[in-house]
Amino acid sequence: MSVKLQKVNGLEFAVKDLGLAEAGRHQIRLAEHEMPGLMATREEYAGSQPLRGARIAGSLHMTVQTAVLIETLVALGADVRWVSCNIFSTQDEA
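Sequential numbering from 11 applies to the sequence shown in this note's numbering.
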């Protein structure tokens with residue numbers, strides 16, 4: 011299976027079904043409410059970009075909670091690349 015790399019608003023990504031994006035965004039918003047520590051970190055430090063210049067690569071189960079982590083790292087200035095580590099635990103909407 012081959013998935014083409016796409017770029018929107020300066021962010022590169024490769025997903026199989028972009029049609030799940032709206033449902034995924036809804037699930038991510040719900041997950042943000044369950045992760046107050048990450049959201050507080052994002053709010054407090056996003057302006058200062060403490061991870062600017064950092065290049066972070068990760069491989070973890072792709073869930074909406076992982077999406078919140080990734081978006082927090084990006085909000086803090088990091089350049090992030092992520093891959094799912096297990097196709098059977100991946101939440102497609104994430």
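Note that CB positions come from ideal geometry on N, CA and C, so glycine has one too.
Note that the coordinates shown come from a computational prediction; the quantities given were computed from them, not determined experimentally.
Item: Ranges of the beta strand (DSSP E) found wholly within the segment 18-83, counting only runs of at least 3; Value: 21-23, 65-70
Item: Separation of residue 80 from residue 72, as counted between CA atoms; Value: 10 Å
Item: Per DSSP, the bridge partner or partners of residue 94; Value: 70
Item: Beta-carbon proximity list for residue 66, same chain, < 8 Å, skipping 5 on both sides; Value: 83, 88, 89, 90, 91
Item: Short Cβ contact (8 Å threshold) for residue 78 with residue 30; Value: no
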